[in-house]
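Residue numbers (this note's numbering), protein chains in the order written: chain A, 1 to 113; chain B, 114 to 229.
Each residue gets a CB set at the ideal place from its N, CA and C atoms; glycine is no exception.
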């Protein structure tokens with residue numbers, strides 16, 4: 001019952017470059033959330049964008065949402081080595097629990113100095 | 114500092130043994146969740162609880178059991194019936210119990226379970 005799917009699966013960039021990750025989903029949503037996971041750690045919530053919003057910023061993060069294309073993108077500007085992590089999008093989907101957050105498989109970002 | 118504590122960080126068990134993973138939160142959140150993460154995979158929902166003494170099965174509940182006797186605690190038992198228990202287990206909580214997808218989830222740092 002995977003709802004969101006990130007693209008690319010892996011991304012390698014140099015420090016200072018921008019990183020863009022995309023998420024596509026299947027059904028209509030109330031909101032879409034982005035999370036970050038450092039290796040061997042739990043996920044950390046980054047941004048929640050509601051279905052009536054088109055763009056949202058938080059520091060060096062910019063998230064866009066296009067509900068007509070059922071897609072979202074996460075842009076990290078001026079990347080740093082500390083941004084190295086996996087990034088997941090999550091949307092509401094229907095599963096045995098009813099409606100719950102369903103996560104994609106993530107994009108693994110590697111930023112080299 | 115408020116947060117979610119999962120213990121232990123690493124757990125090793127022999128096949129056929131039940132094992133219980135601990136999850137405690139001091140965020141005063143109503144809802145709590147257990148997810149399983151396999152290498153290169155997203156998170157799959159095992160169980161969730163919106164309120165004390167109530168919980169619902171997620172996508173992969175078979176071979177797992179939970180209890181929610183206190184608001185702060187949501188332990189997960191991996192039973193011998195779970196065919197592939199080796200995985201990274203993540204506990205999360207959210208303030209909003211009405212709809213789990215409307216509030217950000219706060220995660221613990223996980224327990225890596227290895228069963229041999």
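Flag this pair as yes or no: are the beta carbons of residue 79/A and residue 19/A separated by less than 8 Å?
On the first chain, residue 79/A is found 79 positions in, with the first residue counted as 1. On the first chain, residue 19/A is found 19 positions in, with the first residue counted as 1. Yes. Within cutoff.
Should residue 37/A and residue 90/A be called a contact, given that it needs their Cβ atoms to be closer than 8 Å?
Indexing the first chain from 1 puts residue 37/A at position 37. Indexing the first chain from 1 puts residue 90/A at position 90. It is not a contact, given that the beta carbons lie outside the stated cut-off.
Out of 14/A, 15/A, 24/A, state which residue places its alpha-carbon closest to the alpha-carbon of residue 67/A.
Here residue 67/A is taken as the residue at index 67 of the first chain, counted from 1. If we check each option's Cα against that of residue 67/A, 24/A comes out closest.
Identity of the residues DSSP links to residue 55/A by a beta bridge
Taking the first chain and counting its residues from 1, one reaches residue 55/A at position 55. As DSSP reads the structure, residue 55/A sits in a beta bridge with 64/A.
What does DSSP give as the partner residue(s) for residue 6/A in the beta ladder?
For the purposes of this step, residue 6/A is identified with residue 6 of the first chain, where counting begins at 1. Its beta-bridge partners are 23/A.
Determine the extent of the beta strand (DSSP E) in which residue 168/B is found, giving its start and end residues.
Your numbering for residue 168/B matches position 55 in the second chain. Residues 167 to 170.
Taking just the CA atoms, how far does residue 126/B sit from residue 65/A?
Residue mapping note: residue 65/A aligns to position 65 of the first chain, counting from 1. Residue mapping note: residue 126/B aligns to position 13 of the second chain, counting from 1. The straight-line gap from Cα to Cα measures roughly 44 Å.
Beta-carbon proximity list for residue 179/B, same chain, < 6 Å, skipping 5 on both sides
Counting from 1 along the second chain, the entry for residue 179/B is found at position 66. 160, 168, 189, listed in sequence order.
Taking C-beta pairs closer than 9 Å, name the residues in chain A that residue 115/B reaches, listed in chain order.
Start at 1 with the first residue of the second chain, and residue 115/B comes out as number 2. Under the 9 Å cutoff, chain A gives no residues; its nearest Cβ is about 14 Å from residue 115/B.
Opening and closing residue of the beta strand (DSSP E) in which residue 31/A lies:
Position 31 of the first chain holds residue 31/A. Residue 31/A: member of the beta strand (DSSP E) spanning 31 to 37, first to last residue.
So which of 39/A, 70/A, 8/A has the shortest CA-CA distance to residue 30/A?
What you label residue 30/A is simply residue 30 of the first chain in a count that begins at 1. The candidate whose alpha carbon is nearest that of residue 30/A is 70/A.
Assign residue 123/A to buried or exposed, taking buried as 16 or more other Cβ atoms, counted over all protein chains shown, within 10 Å of its Cβ.
Since the first residue shown for chain A is 1 and the last is 113, residue 123/A is missing from the structure and cannot be characterised.
Taking only the alpha-carbon atoms, compute the straight-line gap between residue 157/B and residue 17/A and give it to the nearest angstrom.
Within the second chain, residue 157/B is the residue found at index 44, counting from 1. Within the first chain, residue 17/A is the residue found at index 17, counting from 1. Their Cα atoms are separated by approximately 32 Å.
Give a yes or no on whether the C-beta atoms belonging to residue 47/A and residue 63/A are separated by under 8 Å.
Residue mapping note: residue 47/A aligns to position 47 of the first chain, counting from 1. Residue mapping note: residue 63/A aligns to position 63 of the first chain, counting from 1. The beta carbons of residue 47/A and residue 63/A sit closer together than 8 Å.
Whole-angstrom C-beta distance between residue 221/B and residue 133/B, which should lie under 8 Å:
Against the second chain, residue 133/B aligns to sequence position 20. Against the second chain, residue 221/B aligns to sequence position 108. With a contact defined as Cβ atoms closer than 8 Å, residue 133/B and residue 221/B miss out at about 15 Å.
Mind checking which residues open and close the beta strand (DSSP E) that includes residue 199/B?
Looking up residue 199/B in the second chain gives position 86. Note, residue 199/B: premise wrong, no beta strand (DSSP E); not H, not E.
Answer with yes or no whether the minimum CB distance from residue 129/B to chain A is below 8 Å.
Here residue 129/B refers to the residue found at position 16 when the second chain is read from its first residue. Chain A contact via Cβ: absent.
Given a limit of 8 Å on CB to CB distance, which residues of the segment 24 to 37 of chain A reach chain B?
So the close ones are 30, 31, 33, 35.
Can you tell me whether DSSP reads residue 144/B as helix, strand or coil?
Mapped onto the second chain, residue 144/B falls at position 31. DSSP places residue 144/B in strand when its eight states are reduced to three.
Less than 8 Å between CB atoms is the rule here; does residue 161/B satisfy it with respect to chain A?
Locating residue 161/B in the second chain gives position 48, counting from the first residue. Look at residue 161/B: its C-beta is under 8 Å from a C-beta on chain A.
Top-ranked residue by Cα proximity to residue 196/B, from 182/B, 185/B, 218/B, 173/B:
In the second chain, the residue the question calls residue 196/B occupies position 83. By alpha-carbon distance to residue 196/B, the top candidate from 182/B, 185/B, 218/B, 173/B is 173/B.
Determine, using beta carbons only, whether residue 45/A comes closer than 8 Å to chain B.
Mapped onto the first chain, residue 45/A falls at position 45. For residue 45/A, a Cβ of chain B is located within less than 8 Å of the residue's own Cβ.
Are the CB atoms of residue 107/A and residue 6/A nearer to each other than 8 Å?
Stepping through the first chain from its first residue, residue 107/A is reached at position 107. Stepping through the first chain from its first residue, residue 6/A is reached at position 6. Result yes, Cβ atoms of residue 107/A and residue 6/A sit closer than 8 Å.
Starting from the Cα of residue 176/B, find the closest Cα among 165/B, 191/B, 184/B and give me that residue.
Indexing the second chain from 1 puts residue 176/B at position 63. Of 165/B, 191/B, 184/B, the residue nearest in Cα terms is 191/B.
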